[in-house]
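Engineer: Protein chains in written order, with full-length UniProt numbering: chain A, 1 to 262; chain B, 1 to 245. Don't be surprised by glycine CBs; every beta carbon is placed ideally from N, CA and C.
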Amino acid sequence: MTRQRVPVALLVPAIGGLIFLILPLAGLLWRTPWSTLLQRLTEPAVAAALKLSLLTASLATLLCLVLGVPLAWLLARVVFPGRRLVRALITVPLVLPPVVGGIALLLALGRRGLLGGWLDETFGVSLPFTTAGVVVAEAFVALPFLVISVEGALRGADTRYEEAAATLGASRWTTFTHVTLPLVAPGIAAGGVLCWARALGEFGATITFAGNYPGITQTMPLAVYQTMESGDLDGAVVLSLILLAVSVTILAALRDRWLAAP
Amino acid sequence: MRRAGIAALALAFGLAGCGAPAAGESSTITVFAAASLTESFTSLGKQFEDAHRGTTVKFNFAGSSALATQINQGAPADVFASAAPTNMAAVTSAVSPVTFVKNQLVIATAKGNPKQITGLADLTRPGLKVALCAPEVPCGAAAGTAVEAAGVELTPVTLEQDVKAALAKVKLGEVDAALVYRTDAAAAAAALDAVEFPESATAINEYPIAVLKGAANPAGAQEFVDYVRSADGLRVLTAAGFQAP
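(1) Mapping the DSSP letters down to three states, classify glutamate 174 of chain B as helix, strand or coil.
(2) Would you identify the three-state DSSP class for threonine 159 of chain A, choosing helix, strand or coil?
(3) Going along the chain, which unbroken runs of the beta strand (DSSP E) with 3 or more residues stay wholly within the region 75-156 of chain B?
(4) In the region 128-139 of chain B, which residues sit with their C-beta less than 9 Å from some C-beta in chain A, listed in chain order?
(5) Listing by chain order, which chain A residues have their CB less than 9 Å from the CB of glycine 63 of chain B?
(6) Could you spell out where the alpha helix (DSSP H) holding valine 236 of chain B opens and where it closes?
(7) Please classify proline 33 of chain A: does DSSP put it in a helix, a strand, or coil?
(8) Could you tell me the boundaries of the beta strand (DSSP E) in which residue 323 of chain B lies?
(9) Alpha carbon to alpha carbon, how far is alanine 165 of chain B from cysteine 64 of chain A?
(10) Which of helix, strand or coil does DSSP assign to glutamate 121 of chain A?
(11) Pull out every residue of the region 36-70 of chain A whose Cβ sits closer than 9 Å to any Cβ of chain B, in chain order.
(12) Under DSSP, the beta strand (DSSP E) around isoleucine 216 of chain A begins and ends at which residues?
(13) So who's on the other strand from lysine 58 of chain B, going by DSSP bridges?
(14) Please list, in chain order, all residues of the same chain as proline 218 of chain B whose beta carbon is under 8 Å from its beta carbon, the five residues on each side excluded.
(15) Does any residue of chain B have a CB that is nearer than 8 Å to the CB of threonine 32 of chain A?
(16) Closer than 8 Å, Cβ to any Cβ of chain B: which residues of the region 108-129 of chain A, in chain order?
(17) Would you identify the three-state DSSP class for threonine 158 of chain B, choosing helix, strand or coil?
(18) So threonine 56 of chain B contacts chain A; which residues on that side make the cut at Cβ distance below 7 Å?
(19) Within 8 Å of any Cβ in chain B, is that where the Cβ of threonine 174 of chain A sits?
(20) Taking 8 Å as the CB-CB cut-off, is valine 157 of chain B touching chain A?
(21) Assuming tyrosine 213 of chain A contacts threonine 202 of chain B under a Cβ cut-off of 8 Å, what Cβ separation, rounded to an integer in Å, is found between them?
(22) Which runs of the alpha helix (DSSP H) spanning at least 4 residues fall entirely within the region 131-175 of chain A, listed in chain order?
(23) Out of B:Gly63, B:Gly74 and B:Lys115, which one is the CA nearest neighbour of asparagine 87 of chain B?
(24) Looking only at its own chain, which residues have a Cβ that is under 6 Å from the Cβ of valine 180 of chain B, when we skip the five neighbours before and after it?
(25) Hey, is leucine 172 of chain B's beta-carbon within less than 8 Å of any beta-carbon in chain A?
(26) Just mark residue 263 of chain A as buried or exposed, buried being the case when its beta carbon has 16 or more other beta carbons within 10 Å.
(27) Near glycine 214 of chain B, what residues of its chain come up, given a Cβ to Cβ distance below 7 Å and the 5 sequence neighbours on each side ignored?
(28) Can you name the start and end residues of the beta strand (DSSP E) that aspartate 193 of chain B belongs to?
(29) Helix, strand or coil, according to DSSP, for leucine 179 of chain B in the structure here?
(30) Any beta carbon of chain B sitting closer than 8 Å to that of leucine 233 of chain A?
(31) Taking 8 Å as the CB-CB cut-off, is leucine 106 of chain A touching chain B?
(32) What number of angstroms, rounded off, separates the C-alpha of alanine 157 of chain A from the C-alpha of alanine 185 of chain A?
(33) Please list, in chain order, the residues of the region 85-109 of chain B that have any C-beta partner in chain A closer than 7 Å.
(34) Count the other CB atoms within 10 Å of the CB of tryptophan 118 of chain A; is the residue buried (16 or more) or exposed (fewer)?
(35) Assuming valine 134 of chain A and threonine 217 of chain A make a contact with CB atoms under 8 Å, what is their CB distance in whole Å?
(36) Between alanine 121 of chain B and lysine 115 of chain B, what straight-line distance do the alpha-carbon atoms span, to the nearest angstrom?
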């Protein structure tokens with residue numbers, strides 16, 4: 001792209017938007033107690049929350065990949081009645097306040113919930129207040145990110161390869177695993193990264209559905225909130241900074257490589 | 001599309017201007033109050049507004065520690081009512097706080113107390129799910145003291161961020177019991193049962209209230225504090241289950 005004159009009417013709000021997004025992060029850096037940073041990082045409570053966050057976000061991403069890639073394929077490649085409605089329903093968690101998601105999960109999967117009541121009575125399985133519950137809450141909020149990314153990749157991919165494979169006698173499953181998947185691998189990776197980052201930052205649905213108990217359901221965002229509640233602003237800033245650093249590193253490393261792909 | 005964008009922008013700027021108090025007398029009193037005061041302060045606020053025409057009382061209810069942090073970070077508040085003296089002490093701008101009520105813990109259970117809980121010792125029963133407030137917030141600190149006084153080893157399934165959240169988990173049936181204030185249990189009496197237990201006497205919470213330095217409406221703030229501490233105010237508060245200081 002060649003250098004061109006940018007209209008001031010666009011430049012000024014664009015810079016304003018950038019500052020609007022960056023300023024709060026600068027505020028965080030400005031208040032970071034650098035001298036005690038290392039000591040706080042090694043506190044067992046922080047380590048436990050970070051470990052739990054990384055574990056649950058990764059498991060949630062895995063769950064989203066298993067459920068979301070086929071769902072995206074269905075939306076992109078199969079014409080069926082009510083497809084628009086299905087797509088709308090999938091995007092609902094994107095715009096739903098996470099707390100509402102948490103309440104909805106409780107009413108569906110809680111001990112007295114629609115399905116949860118049956119699970120509890122029949123198998124003695126109850127998701128709230130368990131690490132599995134955290135994974136479920138994170139996956140619920142993050143799944144749309146994956147489905148939308150992968151569906152976009154599938155729609156952008158050239159279907160002629162799939163048609164060629166089909167003409168050569170490949171079954172739909174073989175075509176999917178040998179042609180479609182490699183073709184949209186970058187899209188899946190990008191969706192997975194977004195999904196993971198969203199799961200890592202999940203707060204509202206987690207605290208509402210899974211509760212808050214150190215080592216079992218207390219992820220980093222919950223630890224940040226609790227530290228803030230206790231009046232320990234420095235501690236909350238440090239925890240926020242760790243979360244920010246992890247997210248930005250992952251997003252920056254992967255965005256150029258994958259998100260730019262169709 | 002473009003018009004909508006301009007409208008949104010105008011709205012954003014308009015809202016940004018709203019934070020500043022109007023010149024001259026301000027008729028709004030902003031009260032930051034502990035979550036456990038939600039019901040009683042809401043009705044106190046209505047009564048106060050009726051008695052002082054043209055005055056609006058705005059509330060921000062949350063956990064006391066969160067409120068204290070918000071105030072210290074410059075949130076515009078005229079009055080702070082905390083569920084514990086420690087959170088009040090953390091607020092550097094509080095002017096001579098006074099205790100206006102006391103509160104005590106009870107065990108909240110599902111309606112009809114299906115698990116037949118009679119005291120703290122019952123909460124240690126295997127398979128029983130209990131929610132407590134996090135030790136950082138006043139109801140959690142009080143719960144810790146009471147549990148220690150009872151000499152029981154209690155493992156909750158969750159540490160909630162304020163008393164209302166703990167209560168909600170009981171209402172939803174996700175936990176069998178939670179330690180909450182008597183006043184919160186009373187406010188939810190239609191849906192829950194409250195079990196009194198003797199050790200709660202060791203963990204009585206004092207609620208301090210104070211006008212804040214730099215209040216936008218100091219006169220109104222003082223009037224509201226006086227009203228809360230008046231005989232009328234105390235009547236509303238004791239009806240909600242609070243004890244006189």
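Structural biologist: This is what the structure gives:
(1) Within the second sequence, numbered from 1, the residue matching residue 174 of chain B stands at position 174. Three-state DSSP puts glutamate 174 of chain B in coil, outside helix and strand.
(2) In the first sequence, residue 159 of chain A corresponds to position 159, counting from 1. Threonine 159 of chain A: coil per DSSP, three-state reduction.
(3) Whole beta strand (DSSP E) segments, 3+ residues: 79-81, 94-103, 105-110 and 130-133.
(4) Those residues of the region 128-139 of chain B placed with their C-beta closer than 9 Å to a C-beta in chain A are Lys129, Ala131, Ala134, Pro135, Glu136 and Val137, ordered along the chain.
(5) Mapped onto the second sequence, residue 63 of chain B falls at position 63. The answer, in chain order, is Glu229.
(6) By one-based count along the second sequence, residue 236 of chain B stands at place 236. 231-239 is the extent of the alpha helix (DSSP H) around valine 236 of chain B.
(7) Your numbering for residue 33 of chain A matches position 33 in the first sequence. If DSSP states are grouped into helix, strand and coil, proline 33 of chain A belongs with coil.
(8) Nothing about residue 323 of chain B can be read from this structure; chain B reaches only from 1 to 245.
(9) The sequence position of residue 165 of chain B within the second sequence is 165, counting from 1. The sequence position of residue 64 of chain A within the first sequence is 64, counting from 1. Distance from the CA atom of alanine 165 of chain B to the CA atom of cysteine 64 of chain A, rounded to whole angstroms, is 29 Å.
(10) As a position in the first sequence, residue 121 of chain A is number 121, starting the count at 1. Here glutamate 121 of chain A carries a helix assignment [DSSP, helix/strand/coil].
(11) Those would be none; no residue qualifies.
(12) By one-based count along the first sequence, residue 216 of chain A stands at place 216. For isoleucine 216 of chain A, there is no enclosing beta strand (DSSP E), as DSSP marks it with neither H nor E.
(13) Taking the second sequence and counting its residues from 1, the one referred to as residue 58 of chain B is at position 58. For lysine 58 of chain B, which the question treats as bridged, DSSP gives the partners B:Thr30.
(14) Within the second sequence, the letter at position 218 stands for residue 218 of chain B. Non-local C-beta neighbours of proline 218 of chain B in its own chain, meaning closer than 8 Å and more than five positions away in sequence, comprise Asp78 and Val211, ordered along the chain.
(15) Here the question's residue 32 of chain A lines up with position 32 in the first sequence. The Cβ of threonine 32 of chain A sits no closer than 8 Å to any Cβ of chain B.
(16) Those residues of the region 108-129 of chain A that come within reach of chain B (Cβ to Cβ, closer than 8 Å) are Gly110, Arg111, Arg112, Pro128 and Phe129.
(17) Numbered from 1 along the second sequence, position 158 holds the residue referred to as residue 158 of chain B. The three-state reading of DSSP puts threonine 158 of chain B in strand, counting E and B together.
(18) Residue mapping note: residue 56 of chain B aligns to position 56 of the second sequence, counting from 1. What threonine 56 of chain B touches in chain A: nothing, since even the nearest Cβ is about 27 Å away.
(19) Against the first sequence, residue 174 of chain A aligns to sequence position 174. Chain B contact via Cβ: absent.
(20) On the second sequence, position 157 is the one that residue 157 of chain B refers to. By this cut-off, valine 157 of chain B is an interface position.
(21) Counting from 1 along the first sequence, the entry for residue 213 of chain A is found at position 213. Counting from 1 along the second sequence, the entry for residue 202 of chain B is found at position 202. Actually they do not touch by this definition, with Cβ atoms about 25 Å apart.
(22) Runs of the alpha helix (DSSP H) inside the region 131-175 of chain A: 131-156, 160-167 and 172-175.
(23) Here residue 87 of chain B is taken as the residue at index 87 of the second sequence, counted from 1. Comparing Cα-Cα distances from asparagine 87 of chain B to each of B:Gly63, B:Gly74 and B:Lys115, the minimum goes to B:Gly63.
(24) Stepping through the second sequence from its first residue, residue 180 of chain B is reached at position 180. Result list for valine 180 of chain B: Ala108, Val163, Ala166 and Leu167, in chain order.
(25) Within the second sequence, residue 172 of chain B is the residue found at index 172, counting from 1. Yes, contact with chain A.
(26) This structure cannot speak to residue 263 of chain A, because chain A is shown only from 1 to 262.
(27) Counted from its first residue, the second sequence places residue 214 of chain B at position 214. Within the same chain, Ser93 come within 7 Å of glycine 214 of chain B by CB-CB distance, once the 5 residues on both sides are set aside.
(28) As a working mapping, residue 193 of chain B is identified with position 193 in the second sequence. 192-195 is the extent of the beta strand (DSSP E) around aspartate 193 of chain B.
(29) By 1-based counting over the second sequence, the position of residue 179 of chain B is 179. Secondary structure at leucine 179 of chain B: strand, using DSSP grouped into helix, strand and coil.
(30) Your numbering for residue 233 of chain A matches position 233 in the first sequence. Judged by the 8 Å Cβ criterion, leucine 233 of chain A is in contact with chain B.
(31) Working through the first sequence from its first residue, we reach residue 106 of chain A at position 106. Interface residue, yes.
(32) The residue given as residue 157 of chain A occupies position 157 in the first sequence. The residue given as residue 185 of chain A occupies position 185 in the first sequence. Rounded to the nearest angstrom, the two C-alpha atoms are 11 Å apart.
(33) Taking 7 Å as the upper bound on Cβ-Cβ separation, chain A lies near residues Ala90 of the region 85-109 of chain B.
(34) What you label residue 118 of chain A is simply residue 118 of the first sequence in a count that begins at 1. Flag for tryptophan 118 of chain A reads exposed.
(35) On the first sequence, position 134 is the one that residue 134 of chain A refers to. On the first sequence, position 217 is the one that residue 217 of chain A refers to. Yes, they are in contact, since the Cβ atoms of valine 134 of chain A and threonine 217 of chain A sit about 5 Å apart, within 8 Å.
(36) Locating residue 121 of chain B in the second sequence gives position 121, where the first residue counts as 1. Locating residue 115 of chain B in the second sequence gives position 115, where the first residue counts as 1. Going by the C-alpha atoms only, they are around 13 Å apart.
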